[in-house]
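The opening position of the sequence shown corresponds to residue 20 in the working numbering, with each subsequent residue numbered one higher.
The C-beta atom is built at its ideal place from N, Cα and C for all residues, glycine as well.
All of these numbers come straight from a predicted model, not from anything done at the bench.
Single-structure report; data block below.
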Amino acid sequence: MNLKVLIADDDFGMRLVLKKIIEKNEGFEVVAEAEDGKEVLRFLEEKNFDVVFLDIEMPEVSGLECGKILTDINPKTIIIFATAHEEYMSEAFEIYAFDYLIKPFKVDRINKTLERIQKIFYEKQDENIDKPIFQQREFNKLVIKNREGMNFIDTQNIVLIQREDRSTAIYTIDNKYITSEGLGALEKRLEKITFFRSHKSYIINISKISKISPYGRWTYIVNFKNYGKDALITHKKFAELEKFFGL
């Protein structure tokens with residue numbers, strides 16, 4: 020079964036190029052096109068899509084606003100921003116965008132993104148059908164147990180997670196939580212699109228990053244927006260992050 024795709028861009032030529040690239044990849048079908056934000060919202064009310072490509076600066080309603088509404092309507096839909104504007108990248112990942120493509124983009128870059136999407140969908144199909152009644156990711160909470168009981172942490176507020184001696188510290192925008200659970204176990208329960216294992220001692224929220232700078236020969240330091248604590252990223256993981264962003 021093909022994955023249903025919506026393309027939204029006020030540039031007809033760009034929609035045509037994207038459609039040709041997407042439909043050359045087996046398993047995808049472009050079922051709708053929109054030239055402005057209002058048309059996107061109308062389509063979202065009428066149909067369900069597996070993948071949505073959004074330009075950011077569109078007439079009527081911006082692509083970012085459409086993305087926020089889409090996340091509320093159907094959080095399982097994969098959102099990819101395709102835009103000429105780099106400055107909105109941080110906001111895009113705050114609403115759990117799967118990818119952020121900078122125009123003019125290369126065909127190979129889009130193909131790699133589509134390959135990743137197919138891999139995710141095939142993995143979901145192969146999972147055991149016996150699942151819990153609900154999944155933590157569906158309501159964007161990370162639930163941890165400690166001496167205080169159970170804490171329900173909004174994943175969008177998590178900045179970084181650090182292994183400290185024999186415990187793990189989860190740093191949010193306005194709090195800190197301690198758990199005995201290891202980074203490996205937490206990593207499996209967090210959304211891989213947003214959270215990244217940067218170092219043996221750190222998991223970082225990609226959407227909160229403001230800057231990455233060299234810190235010695237094989238390590239980099241990660242700074243976060245309006246946050247006093249930093250994290251580390253290894254040279255190998257930094258290269259993976261560059262590849263993820265198509266740099």
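- When the five nearest sequence neighbours on each side are left out, the beta carbons in the same chain lying within less than 6 Å of the beta carbon of SER232 are those of ILE240, in order along the chain.
- In this structure, ILE223 sits near PHE215, with a CB-CB distance shorter than 7 Å.
- Where ALA101 is concerned, the enclosing beta strand (DSSP E) starts and stops at 97 to 102.
- Contact between ASN165 and ILE197 is confirmed by a C-beta separation of about 6 Å, below the 8 Å threshold.
- Within the same chain, no residue comes within 8 Å of LEU266 by CB-CB distance, once the 5 residues on both sides are set aside.
- For THR90, the enclosing alpha helix (DSSP H) begins and ends at 82 to 92.
- Rounded to the nearest whole angstrom, the CA to CA distance from GLU58 to LYS255 is 43 Å.
- Sorting ILE114, THR96 and ILE121 by C-alpha distance to the C-alpha of GLU106 places ILE121 at the top.
- Inside the stretch 184 to 240, DSSP marks whole beta strand (DSSP E) runs of 3 or more residues at positions 186 to 191, 195 to 198, 214 to 218, 221 to 224 and 228 to 233, from first to last along the chain.
- Counting the other Cβ atoms within 10 Å of the Cβ of TYR234 gives fewer than 16, which makes it exposed.
- Our two residues, PHE100 and ALA116, have alpha carbons roughly 7 Å apart in a direct line.
- For ASP118, same chain residues with a beta-carbon under 7 Å away, outside a window of 5 residues either side, are ILE99 and THR132 in chain order.
- Counting the other Cβ atoms within 10 Å of the Cβ of MET169 gives fewer than 16, which makes it exposed.
- Counting along the chain, the unbroken alpha helix (DSSP H) around GLU113 starts and ends at 108 to 113.
- Excluding the 5 residues flanking it on each side, GLN137 has same chain C-beta neighbours closer than 7 Å at GLY46, in chain order.
- Collapsing the DSSP output to three states places PHE72 in a strand.
- Secondary structure note for GLY168: its beta strand (DSSP E) is the uninterrupted segment 168 to 173.
- Taking C-beta atoms under 8 Å as the contact rule, ALA27 and VAL71 qualify, at a distance of about 7 Å.
- The residue among LYS262, PHE263 and MET20 with its C-alpha nearest the C-alpha of PHE140 is MET20.
- Residue pairing by DSSP puts PHE47 in a beta bridge opposite LEU22.
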